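Inspection log for the structure reproduced underneath, given as C-alpha cells.
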Amino acid sequence: MKEIVHVHIGQTGVQIASAVWELYCLEHGIMPNGVAVDQQGGSRDSGANVIFFPTGGQMVPRAVLVDLEPSVVDEIRTGAYRRLFNSEFMLTGKEDAASNFARGYYSVGNELSELCMDRIRKVMETCESPQGFMMFRSFGGGTGSGFMANICQKMKRDYAKQSHLEFSVYPSPRVSTVIVEPYNAVLTAHSTIPNIDVSFLFDNEALYEICARLLDVPNPTYTNLNRLLAQVVSSITASLRFEGSLNVDLIEFQTNLVPYPRIHFPLITYAPIVPVSKAAYENLTTTNLVTSCFDPSNHMIKVDPRDGKYMACCLLFRGDVNPNEVNEAVQRMRKTIKFVEYAPTGFKVGINYMPPSFVPGGDLARVNKALVMLSNTSAITPAWSRLNNKFGMMFKRRAFVHHYVGEGMEESEFTEAQEDLKALEHDYSDAKLCNSEYETPSDLYVSWMEDSIRSTVEVEAGLKFLGQRGTGRF
Ligand code: GDP
1 MKEIVHVHIG QTGVQIASAV WELYCLEHGI MPNGVAVDQQ GGSRDSGANV
51 IFFPTGGQMV PRAVLVDLEP SVVDEIRTGA YRRLFNSEFM LTGKEDAASN
101 FARGYYSVGN ELSELCMDRI RKVMETCESP QGFMMFRSFG GGTGSGFMAN
151 ICQKMKRDYA KQSHLEFSVY PSPRVSTVIV EPYNAVLTAH STIPNIDVSF
201 LFDNEALYEI CARLLDVPNP TYTNLNRLLA QVVSSITASL RFEGSLNVDL
251 IEFQTNLVPY PRIHFPLITY APIVPVSKAA YENLTTTNLV TSCFDPSNHM
301 IKVDPRDGKY MACCLLFRGD VNPNEVNEAV QRMRKTIKFV EYAPTGFKVG
351 INYMPPSFVP GGDLARVNKA LVMLSNTSAI TPAWSRLNNK FGMMFKRRAF
401 VHHYVGEGME ESEFTEAQED LKALEHDYSD AKLCNSEYET PSDLYVSWME
451 DSIRSTVEVE AGLKFLGQRG TGRF
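Residues 1 to 474 in the UniProt record's numbering are what the sequence shown lists, from first letter to last.
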C-alpha cells in the first residue's frame, strides 16, 4: 500500500479539504460519518486505504487540517463531515497570520509548528509504506505562505524520502483580496522551492473564468472553484486508488514532469468541464478531451502556452478510454505543439478505469471519461515576471515592509527572495533554450549571473558618478 498523506493549510487549504474529501468519500462509498457503505471499502487492500485508514468501523482521512485561527476549521468541526475527520488531526491556533508571511513563519506560526509536525507524525504512523504528501494552501495568505514554508522545511527534514507535492492558489493577475500578496507569494516561493518536489499552481481568476464560461456559473464562489479543483486532485491520485491499464504513481509524475529540480511548476488543465444542463449534447471523444486540455483558455493559470515550449506533458485519462484512440490523439497533438530540443517526445500517458464521480448538487455533469493534463512549460515565465514586477514596485519604496520586520524578519530576506525568484524566471526561459552550447539551466544561470554582475558593476559605477555630483540616492 502506497499511502498519501494530505496536509491542508490556512483558509484555502482547509476549504479545499471540504471539496476534496467530499469527492473522495463519494468515490469510495464512504458516508460523511466515515462508515463505508460497502464493507469492501474498509478491507485491507482496498484502494481507499491509500488515503483513509480504517479504525473502529470507520474510515478516517489520512489528513491534517491546520489553521492559525479557528473559524474555518470550526466550519468542518460543526458541519456535515464533522465525524469523518479525526479531531486530533484538526489543529487551530488563536490568532491568525493577518496576511503576513512573517507572522505565519515566525511569531504566531512557530508556536503551532511543532504540534503540527507531531500530528503529521501520528498520521504517518498509520501508514505502512507512505509514498508522499499532498499539501494545499494559498501563496497569498499569511498562513498559506508563512506557516506552510515553516512546516515544509521540517517535513523535508523528517521525511526526505517521500514525495512532496503541493496545490497552491497563485496570485491572480488583476484581482487580489490581499494587498501584500506579491510579498507573501515571493517569500513563500523562495522558502519552499528547495522543499517541494512538484508544485501545481492555479489562479482564482483563471478558475472564475472557466466556471463562468464553461459551467454557466456567472458568479462562482470558492465552493465552485474548489469542487472543480477536487476533480483534478482526484484524477491525480486515482491511479493509486483504482485499477488501470497504465497507472502512473507519484514518483513517476516527478520523474516525467520535472527536468531540473527548480523547474517544478506544471500547469493544469481538466476536461470535460460540462454543466449538468448541457451533458446530453456533449460529444465526448478522446480527441476532444485532448484538444480541450491544450486550449489556452482552459488553463488553470493565466498564461498562454503558445508563448513557450513544453518540457513535459502528463496526460492522465480516467474512465472509458480506448488506448488506441489515446495514441492517435497524442500523435496528432505532437505535430502541433512545440517541445524543447532535449525532450522532443515528452508525453507521459496514464489510463485509469475509474470514471469521475458525480457530485449531487455540484456543477459538473456525470461523464464517463475525463482527462487531466499536467504540463511543464516555459510559458509560465510571464506569471513569474508579473509577480516579480509587483514585488519590485512595492519593495523599491519599502512599502509595508515594517509589518514583516516587526514580526522578526530581516529586510535582507526580501532581497534574497527577490533575487531567487528573478533567477527562477531566468531558469524557466533558459530551460526553453537549452542547446548544445549550454548543457543545463544552471550553466545558463551562471552565464546570466556573469552578465548581470557586469551590468550591476556598470550601474554601481554610474551611481557612484551621480553620487559624486551630489545627486544622492534615487
Ligand atoms: P491564509 O488562511 O492566511 O493562508 O489566507 P487565505 O488562504 O485566505 O489566502 C488568501 C488567498 O487565498 C486569496 O488570494 C483568496 O482569494 C484565496 N482563497 C481563500 N479561500 C479560498 C478558497 O477556498 N479557494 C480558493 N480557490 N481560493 C481561496
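Just so you know, even glycine gets a beta-carbon here, dropped at the ideal spot from N, CA and C.
These numbers were taken from a predicted model, which means no experiment stands behind them.
Helix, strand or coil at residue i [DSSP, three-state]
i, result
"residue 4", "strand"
"residue 240", "helix"
"residue 12", "helix"
"residue 20", "helix"
"residue 391", "helix"
"residue 59", "strand"
"residue 319", "strand"
"residue 31", "coil"
"residue 287", "helix"
"residue 143", "helix"
"residue 352", "strand"
"residue 92", "strand"
"residue 382", "helix"
"residue 296", "helix"
"residue 360", "coil"
"residue 101", "helix"
"residue 436", "Note on residue 436: pLDDT 38, under 50, position unreliable in the model; the coordinate value appears next. Residue 436: coil per DSSP, three-state reduction."
"residue 85", "coil"
"residue 429", "helix"
"residue 451", "Residue confidence is low: residue 451 scores 39 on pLDDT, short of 50, so the model does not pin down where it sits. No coordinate-derived value is stated."
"residue 47", "helix"
"residue 543", "With the chain represented from 1 up to 474, any question about residue 543 goes unanswered, as that position is not in the structure."
Opposing strand residues paired with residue i [DSSP bridges]
i, result
"residue 313", "347, 375"
"residue 269", "373"
"residue 138", "169"
"residue 132", "4, 163"
"residue 67", "92"
"residue 36", "30"
"residue 261", "Residue 261 pairs with nothing; no bridge assigned."
"residue 339", "310"
"residue 475", "For residue 475 there is no data in the structure shown, the boundaries of the chain being 1 and 474."
"residue 275", "364"
Same chain, Cβ closer than 8 Å to residue i, five either side skipped, listed in chain order
i, result
"residue 100", "142, 146, 180, 184, 403, 404, 407"
"residue 357", "23, 26, 27, 234"
"residue 5", "62, 63, 64, 120, 123, 124, 127, 130, 132, 133, 134"
"residue 172", "203, 204, 205, 206, 302"
"residue 394", "180, 182, 183, 400"
Chain-order list of residues whose beta-carbon lies under 6 Å from that of residue i (same chain, five-residue window excluded)
i, result
"residue 121", "none"
"residue 201", "168, 170, 265, 301"
"residue 72", "11, 14"
"residue 19", "226, 227, 230"
"residue 400", "180"
"residue 8", "14, 17, 65, 136"
Chain-order list of residues whose beta-carbon lies under 7 Å from that of residue i (same chain, five-residue window excluded)
i, result
"residue 333", "290, 294"
"residue 262", "193, 424, 427"
"residue 95", "68, 69, 108"
"residue 329", "286, 287, 290"
Curious, which full-length alpha helix (DSSP H) runs of at least 4 residues does the region 146-198 contain? 148-158, 181-192
Which ranges would you report for the alpha helix (DSSP H) in the region 198-259 if only whole runs of at least 4 residues count? Taking only runs of at least 4 residues, the alpha helix (DSSP H) segments lying wholly in the region 198-259 are 204-214, 222-241, 250-257.
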